[in-house]
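Participant: Below are the C-alpha cells for one structure; questions will follow.
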DNA sequence: GTCTATATGGCGATAGAC
DNA sequence: GTCTATCGCCATATAGAC
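Residue numbers (this note's numbering), protein chains in the order written: chain L, 67 to 273; chain G, 67 to 273.
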C-alpha cells in the first residue's frame, strides 16, 4: 500500500505516513499491555497526542488497526530471522539470538503473549491471524529440524515433528514465566539448553 | 468459611451455597473465554439466570469473584495431583496424566492460559496470584527432579532447575498451540516425550 | 487531517422495593 | 435473596465544522 513507493518520503503524503507509523507504535504498546478488548482507541490516541476521531481517520476501525499492528510486527520478525539465517542449521542459532534480543523488548513479547491467548477464542478478530502464524512457524521449524535429521544430527528418539512443536511451545511458555517474574528464568539460555538436548549441535545463549 | 460445616448441606444456607457454586462455575466459563477485563458480571449473571445485582449479593465485587474462582480451581488441582502422587517420581507421571485429562477440559485450560498472560501486567488484580502460583509450581517440580537426580536418573547435562522450568514452559506453550488448533498437537504425548528425553525414565501418554 | 460534539450502548456498583 | 431502576463512567464510531 503506502509503504513502498517514493510518495512516502516526500510530498503531500509524507506526514500521513509518519502519523500512521506513530499510531501503529502507540497501538502496539497499548495492545501489549491491555490486550485488544481492553486497550482503547482513546489510550492509543492520547499516546500520539490526538483525539480518538483522529486515529479513526487513518484506520477504518479498531480491528483494522490491530491487523495492521500484527502485520507490521510479523514482517519485521520474518525479515530479521531471514537476515540471520544462511542455511537450515543456522535457523536454530538465529532463534536463540532472537530470544536473547527479545529479553530487551518486553512490550513486544507481551503483545504476542497476551494476544495469542486472547485470540484462542473462535470469535476473536485475530483468531485466524494466529492460527495461520503458528501453522507457518511449525512448518519453518520442521524444515530446520528435517535438515538436521538428514545429516543424522537429531538425538535418538527425537522426531522432526515433536522437536518443531516442542521448540515453539518452550519459547512461548518461557515467555509467560519471564513476563510474570523476569528474574526467575533466562529465556535464551533455556532455549539453547533444549536445542542442545534434542540435537547433536551445541547451542549457546551468548553472542 | 461456608464450605466445610454441616450447615452447607442442610438448613437455611443450603440454597445460598448452591447459588455461590453455580456463580463460580459460570464465572469460570466467562473469564476463560473473555478474560477478566472483558468478561462482564452481566454475562456471568445471565448464565446462572439472575441479574448482575444478584451476583453482587454473593460476591462483594468483581475482583473478589475472580479470586474465588481461582482459589477454587487451585484447590481442586492440588488435591488431584496429591491423590495421584505417592513418591516424587510418580509426581511426573501424575503430571502426564493431568495433561491427558485436561484435553477434555478446554474451558479450564483456557482459563489459565488467558488469565496467566493477562495477569503479567503489574496492576492486574490476579498478578500476585499467578506470581505465587508459578513460584510454587517451580518448587514442586524442583523437588520431583531432585529426587530423580539423587538416584542418578537425570540425563547427562540436565539440571534440576532447567528441567523444572522447561517442563512448566512446555506445558504452557503446548496449551496455546492446542487451544488455537486442537488437532495440531497432542499435549500429553509431547509432555511424555520431553520427560523421557530429560530423564532415564520412560513416560507414556496413555493410561 | 484533526477537531468537537454526539449517538448509542455496555460496564460496575448502589439504593431500595418486595 | 433477588429484583428493578439508576448513577456515573467509558467505550466505539459517526457527523460535520474548520
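Here a beta-carbon is modelled for each residue, glycine too, at the ideal position from N, C-alpha and C.
What does the Cβ neighbour count give for residue 263/G, buried or exposed, with the cut at 16 atoms within 10 Å?
Facilitator: As a working mapping, residue 263/G is identified with position 197 in the second chain. It is buried - the Cβ of residue 263/G has at least 16 other Cβ atoms within 10 Å.
Participant: Hey, could you find the ends of the alpha helix (DSSP H) residue 86/L is sitting in?
Facilitator: Within the first chain, the letter at position 20 stands for residue 86/L. Unbroken alpha helix (DSSP H) run through residue 86/L: 80-104.
Participant: How many angstroms separate the CA atom of residue 171/G from the CA atom of residue 177/G?
Facilitator: As a working mapping, residue 171/G is identified with position 105 in the second chain. As a working mapping, residue 177/G is identified with position 111 in the second chain. Cα to Cα, the separation comes out at about 10 angstroms.
Participant: Residue 250/G and residue 241/G: beta carbons closer than 8 angstroms?
Facilitator: As a first step, residue 250/G must be located in the second chain, where it is residue number 184. As a first step, residue 241/G must be located in the second chain, where it is residue number 175. Cβ distance not < 8 angstroms, so residue 250/G and residue 241/G don't count as in contact.
Participant: Please decide whether residue 183/L counts as near chain G, where near means a Cβ-Cβ distance under 8 angstroms.
Facilitator: What you label residue 183/L is simply residue 117 of the first chain in a count that begins at 1. Closer than 8 angstroms: yes.
Participant: Within this structure, are the beta carbons of residue 164/L and residue 269/L separated by less than 8 angstroms?
Facilitator: For the purposes of this step, residue 164/L is taken as residue 98 along the first chain, with counting starting at 1. For the purposes of this step, residue 269/L is taken as residue 203 along the first chain, with counting starting at 1. Their beta carbons are not under 8 angstroms apart, which means residue 164/L does not touch residue 269/L by this criterion.
Participant: Please classify residue 144/L as buried or exposed, where buried requires at least 16 neighbouring CB atoms within 10 angstroms.
Facilitator: The sequence position of residue 144/L within the first chain is 78, counting from 1. Counting the other Cβ atoms within 10 Å of the Cβ of residue 144/L gives fewer than 16, which makes it exposed.
Participant: For residue 121/G, I'd like the list of residues in its chain whose CB is within less than 8 angstroms of its CB, leaving aside the five on either flank, ordered along the chain.
Facilitator: In the second chain, the residue the question calls residue 121/G occupies position 55. Here the set comprises 89, 107, 110, 111, 114, 131.
Participant: Let's test the definition: count the other Cβ atoms within 10 Å of the Cβ of residue 194/L and tell me whether it reaches 16, buried, or not, exposed.
Facilitator: To locate residue 194/L, count along the first chain from 1; it is residue 128. Residue 194/L is exposed by the Cβ-count criterion.
Participant: Can you have a look at residue 188/L and say buried or exposed, based on whether 16 or more other CB atoms are within 10 angstroms of its CB?
Facilitator: What you label residue 188/L is simply residue 122 of the first chain in a count that begins at 1. Residue 188/L comes out exposed.
Participant: Let's test the definition: count the other Cβ atoms within 10 Å of the Cβ of residue 259/L and tell me whether it reaches 16, buried, or not, exposed.
Facilitator: As a working mapping, residue 259/L is identified with position 193 in the first chain. Residue environment for residue 259/L: buried (at least 16 other C-beta atoms within 10 angstroms of its C-beta).
Participant: What do you reckon, are the CB atoms on residue 174/L and residue 139/L nearer than 8 angstroms?
Facilitator: Residue mapping note: residue 174/L aligns to position 108 of the first chain, counting from 1. Residue mapping note: residue 139/L aligns to position 73 of the first chain, counting from 1. For residue 174/L and residue 139/L, yes; Cβs fall inside 8 angstroms.
Participant: Who are the near neighbours of residue 207/L in its chain, counting only those whose CB is closer than 7 angstroms to its CB and skipping five residues on each side?
Facilitator: Your numbering for residue 207/L matches position 141 in the first chain. 230, 233, 234.
Participant: Taking only beta-carbon positions, decide if residue 265/G is within less than 8 angstroms of chain L.
Facilitator: What you label residue 265/G is simply residue 199 of the second chain in a count that begins at 1. So no, residue 265/G is outside the interface.
Participant: What does residue 104/G reach in chain L if we use C-beta pairs closer than 7 angstroms?
Facilitator: The count along the second chain starts at 1 and reaches residue 104/G at position 38. Residues of chain L whose Cβ lies closer than 7 angstroms to the Cβ of residue 104/G are, in chain order, 103, 104.
Participant: Determine the burial state of residue 254/G: buried for a count of at least 16 other Cβ atoms within 10 Å of its Cβ, exposed for fewer.
Facilitator: For the purposes of this step, residue 254/G is taken as residue 188 along the second chain, with counting starting at 1. Buried: at least 16 other Cβ atoms inside 10 Å.
Participant: Using the three-state DSSP reduction, which class does residue 130/L fall into: helix, strand or coil?
Facilitator: Against the first chain, residue 130/L aligns to sequence position 64. If DSSP states are grouped into helix, strand and coil, residue 130/L belongs with the helices.
Participant: Compare the C-beta of residue 108/G against all C-beta atoms of chain L and say whether one is closer than 8 angstroms.
Facilitator: Residue 108/G sits at position 42 when you count from the first residue of the second chain. By this cut-off, residue 108/G is not an interface position.
Participant: What's the call for residue 182/G, buried or exposed, on a 16-neighbour Cβ count within 10 Å?
Facilitator: Counting from one through the second chain, the residue named residue 182/G turns up at place 116. When all chains shown are included, residue 182/G counts as buried.
Participant: Run through DSSP, which three-state label would residue 265/L get?
Facilitator: Here residue 265/L refers to the residue found at position 199 of the first chain. Strand.
Participant: Could you please tell me which residues of the stretch 214-231 of chain L, in chain order, have their CB closer than 9 angstroms to any CB of chain G?
Facilitator: 221, 223, 224, 225, 228, 231
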